[in-house]
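Structure first, commentary second.
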Amino acid sequence: YVVNAGRRRAHEVVRRLMELRDLRITVSAGNSARVEARIRRVAEGGAGRVEVMGWTNEMPRSLMTHHAVISKAGGATTQEAIAAGCPMIVSQVLPGQEEGNYDLLREAGGGVRATTPPEIHDAVRDIFADGAARWRRMREGLRAIARPDAALRIAEHLLEGSVGKSPTDP
65 YVVNAGRRRA
75 HEVVRRLMEL
85 RDLRITVSAG
95 NSARVEARIR
105 RVAEGGAGRV
115 EVMGWTNEMP
125 RSLMTHHAVI
135 SKAGGATTQE
145 AIAAGCPMIV
155 SQVLPGQEEG
165 NYDLLREAGG
175 GVRATTPPEI
185 HDAVRDIFAD
195 GAARWRRMRE
205 GLRAIARPDA
215 ALRIAEHLLE
225 GSVGKSPTDP
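The sequence shown runs 65 to 234 under our numbering.
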């Protein structure tokens with residue numbers, strides 16, 4: 065769970081997720097010490113199932129090692145989740161770019177929208193119900209659109225196009 069603009073209700077999201085007994089939760093509380101402390105207090109009742117951290121620059125690695133992410137539909141998070149095949153529960157969509165990000169996830173079948181603590185709880189529960197059947201479909205949907213080697217492919221294309229040309233050629 066990546067805490068974004070919905071900081072006021074972050075502790076409630078964590079409390080609701082802790083109701084799902086088979087769930088292990090990692091929370092990135094961002095750079096607010098107050099929010100992190102409040103989440104840590106809630107997590108104390110989680111019998112060691114909740115890991116709380118502040119801001120991290122390890123999000124791509126984290127998405128590779130977790131089954132799902134709860135976050136707003138920001139550009140970097142959305143694209144990293146797609147590349148990692150990590151289904152998203154989209155907790156917030158800001159007008160503009162994030163609407164397109166969410167549409168991409170939804171159309172691929174790799175993301176669902178859930179904006180309130182009860183909706184987030186239910187979305188996570190439903191994704192992992194029935195032997196995680198929906199989660200498996202979501203992951204396949206993301207894999208179908210993922211291009212984790214896109215930067216390398218673009219660089220190769222650019223290099224191939226420049227063979228035999230001088231730097232001043234159009």
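Ideal placement from N, C-alpha and C gives every residue a C-beta, glycine not left out.
So who's on the other strand from residue i, going by DSSP bridges?
i      : result
Thr120 : Beta-bridge pairing links Thr120 to no other residue.
Ile31  : Residue 31 is absent from the structure shown; the chain starts at 65 and stops at 234.
Rank the options by C-alpha distance to the C-alpha of residue i and give the top, closest one.
i      : options                        : result
His131 : Thr120, Gly149, Glu183, Arg177 : Gly149
Ala107 : Ile89, Tyr166, Gly175          : Ile89
Ile134 : His185, Arg203, Ala147, Arg207 : His185
Met128 : Gln143, Met117, Gly118         : Gln143
Val116 : Arg125, Ala97, Pro124          : Ala97
Leu169 : Ala196, Ala145, Gly225         : Ala145
Ala172 : Thr180, Ile209, Val188         : Ile209
Do the CB positions of residue i and residue j come within less than 8 Å of each other?
i      : j      : result
Ala67  : Ala93  : Checking the sequence, you will find Val at residue 67 rather than Ala. In contact: Val67 and Ala93 (Cβ atoms closer than 8 Å).
Tyr156 : Ala69  : The question names Tyr, yet the displayed sequence has Gln at residue 156. Yes.
Gly110 : Met82  : yes
Trp199 : Pro124 : no
Val99  : Arg80  : no
Go ahead and pull the three-state DSSP assignment for residue i.
i      : result
Glu76  : helix
Ser126 : helix
Glu162 : helix
Val106 : helix
Count Cβ pairs between the segment 136-144 and the segment 153-161 that sit closer than 8 Å; are there 3 or more?
Yes, the segment 136-144 is in contact with the segment 153-161.
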